[in-house]
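To keep things clear, I will list the structure first and then write my remarks on it.
Residue numbers (this note's numbering), protein chains in the order written: chain A, 1191 to 1335; chain B, 1191 to 1335; chain C, 1191 to 1335; chain D, 1191 to 1335.
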């Protein structure tokens, strides 16, 4: 038994700038979704999946269908946060992902997302096989989160 | 007696501008949270609750603790969308709200939020009584959604 | 003779929300450009020019080539500001516009913009005649600003 | 003759994500100001100037008083752009900066900014001596731009 049924988590650092904050002195609640999207894009890039190429070659793209976010502690100006991204399920047409935004050892936010593969007209379609293959190493059993 | 134990829904119109869209041709997924926050602020304003005054007078503010959003159809440039906001639960220190973003008869997105009242130091606190009182007319039983 | 060779100024009200502010407690400097673009879009709409239709019918769109902004006083959360927009020059392929962002009698920011008409490939092109015609009433001599 | 009256230019790379683009398929015009502000913050950081510390220690901050931006070519999704920042003038209370946003050898945008040092109440004040000292190495004669 090797204990490594899990896939890889992808970790991406993000610096907090003025644009991210609001007059409450903390990062505005919608901007955590920007951070998470940057990190998912970088996971795809590391996996060899370029979204513009995917659109040009296959006529397919990814769209978020649902997103649940828990806000635990606020991020602030100048913070260097880490976004950890894992794929928890991969079907023919959907991806379930979990993302954690942390500042050092502090959990700041957790996101659960369902992402679908869509055609140019917005209707769902199958994830192109090479893309699914590229994403599999990042697939992680939910139990190990 | 007409069975209208339900409170009022607050409806706020929002126009979609270039800033809200992305190169996929639709409103960027994080920006629906901006629309929702504008509508909640206007609900508070109509209810007579000014958030800056609430901070100055009571040293309290509202913070989103969790937000779950379902994306059903995309909004596009120049769309005039309506954000309908309802309070589904009101306790001493928390508000649960449900919001729907629609374009005419089309459901575009639905949000469920848990909002807490926090002190200046970020710790939870009781919602000031006058604020709770002002919000009660917008309280709606979840069954009637 | 009344000395009113000037055209109309278009005035558009904008409310400041949390998303617009930063942790300095004021509206973030890039967001004044969002306010200005919303107001220019509304000027076009009032003039009968829909940018999506313009793209579909003529294959042309507007692009900002230069923008100079002076920041005079900051806008803050909950402010209701007015964006006043005037066209100061209209040539075959370019528009020069001036915009003022005010809060009541206070000048908050002034923008001077040069906007060009571009084809789908990004190269400059002539403003379609019906669009130029629709914009002329908003043309104002610079001397009267 | 040493030919090195010039100071250092600070170069900061920025990746373009979905959030930065609009439905025209290119980076939204206000977002170049975000890129520029991130780069100025990083120049300050490299120079040893932390803006939050500057506010806490001296009660002073920087505010943009004017910004003129020329848009030359558009940036697009997935582009990796470089923001080059130079200080062209440094007086007791103001900084003049020039910034170029490039993609490889292509000039995308150029910004000229006047930045003032302000007290907590918004009134101008002298740049603290240690901050001025830290910024001097980045001062560049305008002739050499």
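All C-beta atoms, glycine included, are put in the ideal place defined by N, C-alpha and C. These figures come from a predicted structure and were not determined experimentally.
By Cβ distance below 7 angstroms, which residues in the same chain neighbour residue 1290 of chain D in space, the five residues on each side in sequence not counted? If you ignore the 5 residues before and after residue 1290 of chain D, its C-beta comes within less than 7 angstroms of the C-beta of 1274, 1297 and 1300, all in its own chain and listed in chain order.
Measuring straight from C-alpha to C-alpha, what distance separates residue 1251 of chain D and residue 1314 of chain D? One C-alpha to the other measures close to 9 angstroms.
To be precise: take each residue of the region 1240 to 1256 of chain A, compare its Cβ to all Cβ atoms of chain B, and keep it if any distance is under 8 angstroms. Which residues remain? Along the region 1240 to 1256 of chain A, the positions whose C-beta sits under 8 angstroms from a C-beta of chain B are 1251, 1253, 1254, 1255 and 1256, read in chain order.
Residue 1321 of chain A, enclosing beta strand (DSSP E) - first and last residue: Looking at the DSSP string, residue 1321 of chain A is not in any beta strand (DSSP E); the run it does join, the alpha helix (DSSP H), is 1319 to 1325.
Taking only three categories from DSSP, how would you classify residue 1210 of chain A? Helix at residue 1210 of chain A.
With a threshold of 8 angstroms between beta carbons, is residue 1193 of chain A in contact with chain D? For residue 1193 of chain A, the predicted model reports a pLDDT of 35, less than 50, meaning its position is unreliable; a value from the coordinates is still stated below. No, residue 1193 of chain A lies away from the interface with chain D (no Cβ there is under 8 angstroms from its Cβ).
Anyone know if the C-beta pair for residue 1202 of chain B and residue 1237 of chain B falls short of 8 angstroms? Contact flag unset, no.
Determine, using beta carbons only, whether residue 1286 of chain B and residue 1304 of chain B come nearer to each other than 8 angstroms. Yes.
Cα-Cα separation, residue 1206 of chain D to residue 1198 of chain B: Spanning the two alpha carbons is a distance of roughly 42 angstroms.
8 angstroms is my cut-off, CB to CB: does residue 1212 of chain C come that close to chain A? Closer than 8 angstroms to some Cβ of chain A, the Cβ of residue 1212 of chain C qualifies, so yes.
Using beta carbons (cut-off 8 angstroms, strictly below), is residue 1232 of chain D in contact with chain B? No Cβ of chain B is located within less than 8 angstroms of the beta carbon of residue 1232 of chain D.
Rounded distance between the beta-carbons of residue 1307 of chain B and residue 1215 of chain D, thought under 8 angstroms: With 8 angstroms as the limit, residue 1215 of chain D and residue 1307 of chain B do not qualify as a contact, their Cβ atoms being about 43 angstroms apart.
Which bits of chain B does residue 1260 of chain A rub up against, with CB to CB less than 8 angstroms? Simply 1255 and 1256.
Which bits of chain A does residue 1294 of chain B rub up against, with CB to CB less than 8 angstroms? Those within 8 angstroms of residue 1294 of chain B in chain A number zero; the least Cβ separation is about 18 angstroms.
Apart from the five residues just before and just after residue 1322 of chain A, which ones in its own chain have a Cβ nearer than 6 angstroms to its Cβ? Excluding the 5 residues flanking it on each side, residue 1322 of chain A has no same chain C-beta neighbour closer than 6 angstroms.
Given the structure, does residue 1288 of chain A come close to the ligand ZN, in the sense that its CB is under 7 angstroms from one of the ligand's heavy atoms? In the structure shown, the ligand ZN is absent, as is every other ligand, since no ligand is present at all.
Give me the DSSP bridge partner(s) of residue 1290 of chain C. According to DSSP, which records beta bridges pairwise, residue 1290 of chain C is partnered with C:1274 and C:1300.
Secondary structure, beta strand (DSSP E): runs of 3+ residues fully inside the region 1227 to 1257 of chain A: Those beta strand (DSSP E) runs which fall completely within the region 1227 to 1257 of chain A and span 3+ residues do not exist here.
Please list the residues of the region 1302 to 1330 of chain D that have a C-beta atom closer than 8 angstroms to any C-beta atom in chain C, keeping them in chain order. Listed by position, the residues of the region 1302 to 1330 of chain D near chain C (Cβ gap below 8 angstroms) are 1312.
Kindly identify the DSSP beta-bridge partner or partners of residue 1284 of chain C. Note: residue 1284 of chain C sits in a beta bridge opposite C:1306.
So, is the C-beta of residue 1263 of chain B closer than 8 angstroms to a C-beta in chain C? It does not; no Cβ of chain C falls within 8 angstroms.
8 angstroms is my cut-off, CB to CB: does residue 1268 of chain A come that close to chain D? Yes, residue 1268 of chain A lies at the interface with chain D (some Cβ there is under 8 angstroms from its Cβ).
For residue 1261 of chain A, which of helix, strand or coil comes out of DSSP? In this structure, residue 1261 of chain A counts as strand in the three-state DSSP scheme.
Consider the Cβ of residue 1226 of chain A: report whether some Cβ of chain C lies at a distance smaller than 8 angstroms. No, residue 1226 of chain A does not count as interfacial toward chain C.
Is the beta carbon of residue 1260 of chain A sitting closer than 8 angstroms to the one on residue 1293 of chain A? By the CB criterion at 8 angstroms, residue 1260 of chain A and residue 1293 of chain A fall outside the cutoff.
At what residues does the beta strand (DSSP E) containing residue 1205 of chain D begin and finish? Residue 1205 of chain D -> beta strand (DSSP E) spans 1200 to 1205.
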